[in-house]
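Quick notes on the structure that follows.
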Amino acid sequence: MSSSKVAKFTAPSVSNDSSQQAIAALDDRMVALIDLQLTLKHIHWNVVGPNFISVHEMLDPQVESVREMTDTLAERIATLGGVPVGTPKSIVDRRSWGEYSLGKAMVAEHLSALDNVYTGINKDHRKAIDTLGDIDPVSEDIVISQLAEL
9 MSSSKVAKFT
19 APSVSNDSSQ
29 QAIAALDDRM
39 VALIDLQLTL
49 KHIHWNVVGP
59 NFISVHEMLD
69 PQVESVREMT
79 DTLAERIATL
89 GGVPVGTPKS
99 IVDRRSWGEY
109 SLGKAMVAEH
119 LSALDNVYTG
129 INKDHRKAID
139 TLGDIDPVSE
149 DIVISQLAEL
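In the numbering used here, the protein residues as written are 9 to 158.
Shown next, in the form of structure tokens:
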């Protein structure tokens with residue numbers, strides 16, 4: 009994370025070094041969740057076929073839930089002295105995975121692809137939990153609760 013995104017202060021009792029490590033882990037998760045929000049809306053608009061309406065209607069509550077998770081991470085980043093950056097170009101520049109490849113597609117295809125997306129998000133949330141456990145238990149707890157919901 010560039011120094012321009014990290015302020016000279018942090019949460020009480022969190023060292024500057026620990027804060028920077030936590031910010032980096034949380035920023036990675038924030039980027040992933042912003043991407044997930046957009047992917048879920050993309051699927052919402054492009055799912056077709058039998059039973060499409062149930063999937064279509066299932067996705068909006070997920071979008072709202074993930075949006076709240078993203079906001080929580082951004083606020084924690086700010087609390088730790090970081091600057092949460094959620095602009096479109098910055099998200100694309102910072103993500104480490106490829107674009108969701110399906111456009112208009114059948115329910116089964118989107119659900120299979122979405123399962124892969126969630127598998128990746130959950131795996132990386134678990135890595136963040138491991139990183140945060142020793143440096144910032146509050147951030148660790150946030151990511152644990154998100155993992156439970158995801």
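Using N, Cα and C, we set each Cβ at its ideal position, and we do this for glycine too.
For residue 147, the enclosing alpha helix (DSSP H) begins and ends at 145-157.
Contact between residue 132 and residue 40 is confirmed by a C-beta separation of about 6 angstroms, below the 8 angstroms threshold. In this structure residue 78 is buried. Its beta-carbon is surrounded by 16 or more other beta-carbon atoms within 10 angstroms. Take the alpha-carbon of residue 139 and the one of residue 28: they are about 12 angstroms apart. For residue 30 against residue 81, the beta-carbon gap comes to about 11 angstroms, at or over 8 angstroms, which does not count as contact. Bounds of the alpha helix (DSSP H) holding residue 87 are 60-87.
According to the DSSP assignment, residue 128 belongs to the alpha helix (DSSP H) that extends over 115-141. At the C-beta level, residue 71 and residue 113 stay beyond 8 angstroms of one another. Here DSSP, grouped into helix, strand and coil, assigns residue 91 to coil. Relative to the Cα of residue 92, the nearest Cα in the group 42, 21, 145 and 23 belongs to 42.
Shown here, residue 56 sits in a strand according to DSSP, grouped into three states. Judged by DSSP secondary structure, residue 98 falls within the alpha helix (DSSP H) whose first and last residues are 96-102.
With contacts defined as CB atoms closer than 8 angstroms, residue 50 and residue 126 fail to qualify as a contacting pair. Across the structure, residue 124 and residue 97 are spaced so that their CA atoms are roughly 24 angstroms apart.
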